[in-house]
Structures are given as C-alpha cells and as structure tokens.
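*Asks:* Protein chains in written order, with the working numbering: chain L, 259 to 697; chain P, 3 to 260. Structure below; questions to follow.
Written out as structure tokens, the structure is:
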C-alpha cells in the first residue's frame with residue numbers, strides 16, 4: 259500500500275467518530291465503502307490518461323492530516339469582508355478550514371429555501387445519506403466522500419427566484435491540513451439563482467483541499483455558478499463537480515483559477531433532457547511554478563441540447579496550464595449544438611500549455627465545433643496603444659486583462675460581482691495596479 | 003516644429019529611407035506623395051516610434067527634442083499623433099476606455115488636470131456627433147468589427163480628442179467612399195491652426211481636394227525627389243509618377259521647404 263493510501267486510511271480511523279453521521283450505520287457503511295475504493299485504487303498517477311500532465315506525486319509523498327475534531331480557527335467578520343469577492347453579499351455561507359461557521363454566515367432566504375451546511379442536514383436527517391454516491395466514482399471522489407466533513411447544502415423550491423447572488427466562501431485559515439468539502443445544490447422546477455463559490459487562503463503555506471459538488475437542475479431551472487479559486491500558491495486544490503440538467507434547464511459556469519501550486523477542476527455536465535443548455539466559461543492564470551488543469555466533460559444525452567465552452571489561459575513565468583475538453587454526443591442526441599473554444603496567451607518562454615479537445619459523436623444530425631489557439635501579446639496591438647500615449651507596462655496589462663476579461667463578459671449585469679472579479683484579476687496580473695488606476 | 007535631416011533607415015538589412023530631409027514649421031500642412039514602396043508609410047511609422055526599423059543615420063528634431071530617443075508613448079503625450087493606415091483591432095478594450103486613458107495621459111503630460119468622468123463624456127459625445135458616428139461605437143471594442151470607413155473615422159475621432167501638435171496621417175483616404183472622405187476631411191480641417199502641423203501621407207491627389215496642403219513632396223525609392231506647392235499634386239495626378247523617373251535617378255533630395 260502506498261503512503262497516501264495508508265495515510266488517509268489511518269486518518270479515517272482517527273477521525274471517523276467525529277464525522278457527520280457517525281454512529282449511523284448506513285452513513286458509516288457509505289463512507290467505509292468509499293474508503294475501501296480509494297485504498298484499492300490510490301491517488302491517480304501520470305500513467306492515467308486523465309492525469310497525464312498533472313502529477314500528484316507531491317501529495318503522495320506528503321499527504322496532510324485532517325483538522326482535529328475540536329479545531330476552531332480565529333477568523334473575524336472584518337477579515338471576511340476584506341477578502342470576499344462581493345463584500346456586501348446579502349446571502350453568505352462561510353466555511354473555515356472546511357467547517358461551516360454560523361457566526362460568519364448570514365442569509366435572508368425564505369420561501370422554503372434551504373441554505374446551510376451538509377453537517378447540519380445530516381444531523382437533522384441522517385436517513386437522507388451523504389449527498390454524493392461513491393458508485394462509479396474515481397478514487398479521488400471516493401476519498402472525498404469517505405472523509406467529507408461538511409459542505410454547502412442548498413435547495414431551492416419550485417419557481418423560486420433568488421435575485422441576489424449567494425456567496426459561498428471557503429477559507430483556509432490553517433496550513434498543513436487537508437479539507438474535504440462536499441457540496442450539494444438542487445434547484446427545483448423553474449427555480450433560479452446565482453452562486454459564487456470562492457476559495458482563499460489566509461496563509462501562504464501548503465494545504466490540501468478536495469472539493470466535491472453535485473448539482474441538480476430540474477426542468478427550466480437556471481443556475482449561474484461562479485467559482486473563484488485564489489488559494490495559496492503552495493496549496494493543492496482539486497475539485498470535482500457534476501451537474502445534471504433536466505429539460506430546458508440552464509447552467510452557466512464561470513471559473514477563474516488564480517491560485518494553488520496544483521489546481522485541478524473536473525467539471526462534468528450531463529444534458530439529460532431536451533432543450534437543456536450549458537455555458538462554460540473559464541480562465542486560468544498560472545505564474546511562478548503554478549500548475550492549473552481544467553478537465554471538462556459535456557455529455558449530450560438527449561436531443562436538442564446546446565453547450566458552449568470558452569476557456570482562456572494566460573500563462574506567465576514557469577506557469578503551466580492544461581485544458582482537456584471532452585464532448586460526448588450520444589446516439590439519440592440529434593440536433594445537438596456543441597461548441598468549444600480554448601485560447602491561450604503565453605507571456606513567457608518558460609510557460610507551457612497542453613490543450614486537447616476530445617469529441618465523441620455517436621449521433622448523425624449534430625453541429626459540433628472546437629478550436630484551440632496559442633499565441634503571444636500582439637506587437638501591433640501594443641504599438642497602437644503606445645502610440646496613443648499609454649506606456650508599455652500599461653499597454654501589456656491592458657491587452658492581457660482584456661484577453662482574460664472576456665470570460666467575465668456575461669457577468670457585466672452583476673455589477674458588484676463583476677467589479678470584484680475584475681479586481682481579483684487586476685491583483686493577479688503584471689501591471690494590474692496600473693489598470694486599477696486607469697479604470 | 004519638425005526637422006528631419008538626412009534620415010536613413012533599414013528593415014532587415016534592406017535600406018528603405020535613403021536620406022530624407024524635411025522641415026515642417028508650425029501651422030503648415032505637408033503632403034508626402036509617392037508610389038507604393040517609396041517609403042512613405044515607413045517615414046510616418048518611424049516618426050511615431052514603431053519598433054522594427056533600424057535607424058542607420060540622420061536626425062529628427064521635434065520641438066527642439068531628439069524625437070528618435072523618445073519611446074512611442076512619450077511622443078504621443080508630447081503631441082505626436084499617427085492616424086494609422088490599418089487601425090488595429092483590440093478585442094476586449096472598449097473605445098471609450100482607450101480614449102479616456104489616452105486623453106488623460108496627454109493631459110498629465112501637459113500639466114493639466116485629468117478630465118472627470120462627466121466632462122470627458124460630454125466632450126467625447128460632442129466629438130462623436132461631429133464625426134457623424136454612432137455613440138454606441140464608444141462602448142464597442144477598439145476597431146473590432148468596424149468597417150474600413152468606421153476605422154478611419156475612429157482614428158480622426160481620437161485625433162480631435164487628443165488635439166496633437168504634429169499629426170501624421172498615413173493613407174487616411176484609402177478605402178474611403180466619398181461621403182466618409184468628406185467627414186474625415188472635416189475632422190482634419192477642424193484641427194488646422196497656426197500652432198499645429200500635419201503631414202499627410204497619400205498615394206492619390208484626391209484627399210488634397212479636401213485638405214489643402216501648403217507643400218507637396220514626392221518620395222521615391224527612399225528619397226524626396228521633388229518638392230513644390232499644391233500644384234505639384236495636380237501634376238502628379240495628370241502625369242502619374244513615371245515622369246519623375248529621371249529625377250529619381252538623380253537622387254536629388256532638396257526637400258527642405260520653407
């Protein structure tokens with residue numbers, strides 16, 4: 259048995275009695291089954307096709323323990339306000355070191371909306387089980403299920419529209435530990451909401467988080483899901499999200515990856531009934547020695563569904579990016595319209611991108627397109643700006659920002675959110691401070 | 003204002019400018035004409051500070067300063083403006099953002115206070131109307147998806163917002179229909195003043211029907227081979243560039259006009 263397998267098996271034995279649902283036979287069985295799957299398979303290695311470019315050897319060598327059961331980090335409301343992408347969010351659910359913090363959270367949601375923590379949900383209704391099943395799951399997902407401590411529990415009843423975005427903040431306050439949030443979101447028929455999921459660190463040290471999310475949209479439901487990942491540049495952040503869409507449901511994802519030494523987003527979209535639509539926008543901005551990987555799978559399982567993917571990479575210094583976009587069109591999914599595009603900007607000679615579209619089409623009446631580009635800053639654009647009096651640093655920053663900001667363009671109507679994400683980009687980009695003063 | 007002496011330049015080891023002499027005084031409009039490949043656009047680009055040219059000799063003095071030592075952005079702030087032959091599309095950067103950044107960079111350089119958002123907006127809207135453009139283009143990405151005529155109008159809009167001291171117009175008439183040409187000319191003529199100079203680079207005489215130059219120079223194979231008044235342009239229109247052949251061989255570069 260490799261070190262990580264043994265390590266996490268021992269961690270489970272150490273913390274099991276304190277995990278949500280402990281003492282409840284079915285829940286414990288669910289966790290043990292997941293753990294057994296993980297122990298059997300272990301962490302993925304670069305020999306796995308899906309992990310060819312992303313090595314978890316560092317985690318294998320040095321896995322991090324879970325937080326002690328009685329762990330409580332000191333985080334103040336003013337810290338939250340200064341770090342949140344939308345500091346004035348009306349609805350805010352805060353998780354510190356993987357655990358829900360009622361003191362830092364607030365919301366004014368009624369109409370039967372359930373917005374809180376999975377741990378509280380399990381305490382109230384253990385028979386509901388863990389929000390995620392280990393059946394057919396990867397070893398990492400199994401690990402996350404076995405060790406899941408908490409997560410968002412969001413459920414919006416039929417026809418309810420939540421106008422104000424719901425901010426879900428995951429704060430890593432203590433370094434050197436592992437956290438395993440498992441989130442569950444369900445929008446019933448015709449419900450509508452915007453969720454902002456933000457992950458950040460209060461330290462600049464190593465830590466490990468593995469985030470599972472399961473999202474279900476019933477007929478005509480609409481969810482805009484923004485994710486901002488700006489963890490410590492020494493952290494490992496692995497995320498696995500799966501979204502199921504019913505008829506005419508719409509899912510819009512915007513992912514901005516700015517942090518972590520190893521960041522990986524697995525996003526699987528299942529378009530299960532006619533008329534479902536998914537819009538996936540993403541930007542990854544590795545610098546220094548960061549490695550950011552995005553794997554998407556859009557499964558067209560039903561006729562007349564549409565999907566659009568646009569991912570953009572800005573790679574600086576020795577930063578490395580991976581984009582693997584898979585589109586599967588099943589045999590019955592006629593009249594599918596699927597588009598995918600990946601554009602990359604290399605700002606340094608040592609930056610690297612591996613991009614791979616994967617189209618698997620089993621239907622015959624479909625419209626599918628994909629494309630990938632890799633380029634550098636255009637000297638003609640830079641000269642044009644300089645000839646208008648804008649200095650070189652600002653010109654480079656402006657063109658770079660404009661390249662990245664296109665993934666945010668759909669959010670321009672959410673003014674506070676757009677401003678917050680733009681500020682996060684400014685803070686990350688070379689010369690961003692100059693842009694801040696221009697805007 | 004602008005004093006070019008014996009300027010020589012190469013691209014990839016190939017000589018393009020072979021000794022340009024040109025003096026432009028305040029308030030003057032000079033047209034630089036010539037056949038394709040004569041070096042007209044290269045001259046305009048070098049004056050604006052575009053990279054990629056090896057200046058192998060000569061000097062360029064602008065308002066008493068060595069222009070060739072200044073980075074492009076400093077020239078722009080100091081009042082040099084190049085209207086591009088092929089304006090560049092910049093996806094993701096809105097026109098209004100660029101205009102504001104450019105105007106304020108110039109104002110800071112001039113020791114003036116930056117325009118606040120309201121003053122800037124009312125000024126830019128007035129100029130947009132003057133150039134007979136749609137206000138919506140202010141919020142579109144710079145030149146992205148613009149027609150040829152829209153791009154050229156946009157160049158002149160930037161110019162009248164920036165109020166340059168030395169305007170260089172590179173083939174501004176190319177690709178314009180007669181209506182657009184009139185609007186563009188109106189914009190350029192609105193800037194004519196005793197303390198502002200312009201250099202119009204053009205292949206055809208047509209533009210000069212609308213913007214009357216004080217001097218016309220003929221550039222051929224990297225040298226100014228003939229200089230004169232507006233009548234020279236008409237002669238070129240009648241006879242083409244071929245009749246200059248002999249003089250081109252001579253390599254006469256008496257281009258200094260006062």
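Quick reminder that beta carbons are idealized off the backbone N, C-alpha and C, glycines included. Bear in mind that the values here come from a model prediction, so they are computed numbers and not experimental data.
Candidates 288/L, 431/L and 285/L: which alpha carbon is nearest residue 337/L's?
*Replies:* Within the first chain, numbered from 1, the residue matching residue 337/L stands at position 79. Closest option to residue 337/L, Cα to Cα, is 431/L.
*Asks:* Go to residue 390/L, then tell me how far its alpha helix (DSSP H) extends in each direction, as first and last residue.
*Replies:* Counting from one through the first chain, the residue named residue 390/L turns up at place 132. Premise fails: residue 390/L is in no alpha helix (DSSP H) and is neither H nor E.
*Asks:* Quick one, are the C-beta atoms of residue 454/L and residue 587/L less than 8 Å apart?
*Replies:* As a first step, residue 454/L must be located in the first chain, where it is residue number 196. As a first step, residue 587/L must be located in the first chain, where it is residue number 329. Cβ distance not < 8 Å, so residue 454/L and residue 587/L don't count as in contact.
*Asks:* Locate the beta strand (DSSP E) running through residue 172/P, then write down its first and last residues.
*Replies:* Here residue 172/P corresponds to residue number 170 of the second chain, with the count starting at 1. Taken as a continuous stretch (DSSP letters only), the beta strand (DSSP E) holding residue 172/P covers 168 to 172.
*Asks:* Indicate the three-state DSSP secondary structure (helix, strand or coil) for residue 667/L in the structure shown.
*Replies:* Looking up residue 667/L in the first chain gives position 409. Looking at residue 667/L - three-state DSSP - the assignment turns out to be helix.
*Asks:* For the segment 210 to 219 of chain P against the segment 6 to 13 of chain P, are there 3 or more C-beta pairs whose distance is under 8 Å?
*Replies:* Because the criterion of three Cβ pairs below 8 Å is not met, the segment 210 to 219 of chain P and the segment 6 to 13 of chain P do not touch.
*Asks:* Give me the subset of the segment 657 to 668 of chain L whose CB atoms are less than 8 Å from a CB atom of chain P, sorted by chain position.
*Replies:* Against chain P - using a Cβ distance shorter than 8 Å - the residues of the segment 657 to 668 of chain L are 657, 659, 660, 661, 663 and 664.
*Asks:* Taking Cβ positions only, does residue 648/L come closer than 8 Å to chain B?
*Replies:* The structure shown has no chain B; the protein chains it does contain are L and P.
*Asks:* Count the other CB atoms, across all protein chains shown, that sit within 10 Å of the CB of residue 322/L; report buried if there are 16 or more and exposed otherwise.
*Replies:* Indexing the first chain from 1 puts residue 322/L at position 64. Buried, since its Cβ has 16 or more Cβ neighbours within 10 Å.
*Asks:* Closer than 9 Å, Cβ to Cβ, to anything on chain L: give me those residues from the segment 143 to 174 of chain P, in chain order.
*Replies:* From the segment 143 to 174 of chain P, only 143, 144, 145, 160 and 164 have a Cβ closer than 9 Å to chain L.
*Asks:* Here's the rule I'm using: 16 or more other beta-carbon atoms within 10 Å means buried, otherwise exposed. How should residue 120/P be labelled?
*Replies:* Sequence index remark: in the second chain, residue 120/P carries index 118 (1-based). The residue in question, residue 120/P, is exposed, as its Cβ has fewer than 16 Cβ neighbours within 10 Å.
*Asks:* Residue 688/L versus chain P: which residues are under 9 Å apart at the beta carbon?
*Replies:* Residue numbering aside, residue 688/L sits at position 430 when the first chain is read from its first letter. Per Cβ cutoff of 9 Å: no residues; residue 688/L is ~17 Å from chain P at best.
*Asks:* Any beta carbon from chain L within less than 8 Å of residue 116/P's own beta carbon?
*Replies:* Translated into the one-based positions of the second chain, residue 116/P becomes position 114. Chain L contact via Cβ: absent.
*Asks:* Once DSSP output is grouped into helix, strand and coil, what is the label at residue 184/P?
*Replies:* Here the question's residue 184/P lines up with position 182 in the second chain. It is helical.
*Asks:* What are the partner residues of residue 437/L, as DSSP defines its beta bridges?
*Replies:* What you label residue 437/L is simply residue 179 of the first chain in a count that begins at 1. Note: residue 437/L sits in a beta bridge opposite 467/L.
*Asks:* Residue 53/P touches chain L at which residues, Cβ-Cβ below 8 Å?
*Replies:* For the purposes of this step, residue 53/P is identified with residue 51 of the second chain, where counting begins at 1. What residue 53/P touches in chain L: 637 and 641.
*Asks:* If we count the other Cβ atoms within 10 Å of its Cβ and call it buried at 16 or more, is residue 385/L buried or exposed?
*Replies:* By 1-based counting over the first chain, the position of residue 385/L is 127. Label assigned to residue 385/L: exposed.
*Asks:* If I follow the unbroken alpha helix (DSSP H) through residue 400/L, where does it start and stop?
*Replies:* The residue you call residue 400/L lines up with position 142 of the first chain. 397 to 405 is the span of the alpha helix (DSSP H), which, as asked, contains residue 400/L.
*Asks:* Tell me the residue span of the alpha helix (DSSP H) that contains residue 35/P.
*Replies:* Counted from its first residue, the second chain places residue 35/P at position 33. No alpha helix (DSSP H) contains residue 35/P, which is instead part of the beta strand (DSSP E) from 31 to 35.
*Asks:* Suppose contacts are defined by Cβ-Cβ distances below 8 Å. Is residue 699/L in contact with residue 90/P by that definition?
*Replies:* Within the shown structure, residues of chain L are numbered from 259 to 697, placing residue 699/L beyond reach of any answer.
*Asks:* Do the segment 649 to 666 of chain L and the segment 533 to 541 of chain L touch if we need at least three Cβ pairs shorter than 8 Å?
*Replies:* Judged by Cβ distances under 8 Å, the segment 649 to 666 of chain L makes contact with the segment 533 to 541 of chain L, as three or more pairs qualify.
*Asks:* Using a Cβ-Cβ cut-off of less than 9 Å, list which residues of the segment 7 to 26 of chain P approach chain L; keep chain order.
*Replies:* Those would be none; no residue qualifies.
*Asks:* Could you check the C-alpha separation between residue 232/L and residue 307/L for me, to the nearest Å?
*Replies:* Nothing can be reported for residue 232/L, as the shown portion of chain L is limited to 259 through 697.
*Asks:* List in chain order: all unbroken beta strand (DSSP E) runs of 3+ residues lying wholly within the segment 509 to 543 of chain L.
*Replies:* Whole beta strand (DSSP E) segments, 3+ residues: 520 to 529 and 535 to 542.
*Asks:* Indicate whether the contact test is met: 3 or more Cβ pairs, each with one atom in the segment 472 to 480 of chain L and one in the segment 358 to 375 of chain L, closer than 8 Å.
*Replies:* Output reads no: the segment 358 to 375 of chain L does not touch the segment 472 to 480 of chain L.
*Asks:* Of the choices 66/P, 44/P, 5/P and 72/P, whose alpha-carbon is the least far from that of residue 644/L?
*Replies:* As a first step, residue 644/L is located in the first chain; it is residue number 386 there, counting from the start. Checked all of 66/P, 44/P, 5/P and 72/P; the closest Cα to residue 644/L is 72/P.
*Asks:* Against chain L, with Cβ distances strictly below 8 Å, would residue 48/P count as a contact?
*Replies:* Position 46 of the second chain, counted from the start, is the residue given in the question as residue 48/P. Not an interface residue.
*Asks:* Please confirm if the segment 397 to 414 of chain L is in contact with the segment 427 to 443 of chain L, defined as three or more CB-CB distances below 8 Å between the two stretches.
*Replies:* Because the criterion of three Cβ pairs below 8 Å is met, the segment 397 to 414 of chain L and the segment 427 to 443 of chain L touch.
*Asks:* In the structure shown, what three-state DSSP assignment does residue 5/P receive?
*Replies:* Here residue 5/P refers to the residue found at position 3 when the second chain is read from its first residue. The answer is strand: DSSP assigns residue 5/P an E or B state.
*Asks:* Under 8 Å, Cβ to Cβ, is there at least one residue of chain L near residue 84/P?
*Replies:* Numbered from 1 along the second chain, position 82 holds the residue referred to as residue 84/P. Closer than 8 Å to some Cβ of chain L, the Cβ of residue 84/P qualifies, so yes.
*Asks:* At 9 Å on the CB atoms, spell out the chain L contacts of residue 92/P, in chain order.
*Replies:* Looking up residue 92/P in the second chain gives position 90. By Cβ distance, chain L contributes 636, 639, 642, 643, 656, 657 and 660.
*Asks:* May I ask you to list the residues that DSSP assigns as paired with residue 428/L?
*Replies:* Working through the first chain from its first residue, we reach residue 428/L at position 170. Partner(s): 353/L and 457/L.
*Asks:* Any idea if residue 312/L is buried or exposed, counting beta-carbon neighbours within 10 angstroms, 16 or more meaning buried?
*Replies:* Here residue 312/L refers to the residue found at position 54 when the first chain is read from its first residue. Buried.
*Asks:* Quick test of the definition: if touching needs 3 or more C-beta pairs under 8 Å, does the segment 66 to 85 of chain P touch the segment 21 to 30 of chain P?
*Replies:* Counting Cβ pairs under 8 Å, fewer than three are found: no touch.
*Asks:* With distances taken from CA atoms, which of 108/P, 175/P, 170/P and 168/P is nearest residue 153/P?
*Replies:* For the purposes of this step, residue 153/P is identified with residue 151 of the second chain, where counting begins at 1. For residue 153/P, the nearest C-alpha among the options comes from 175/P.
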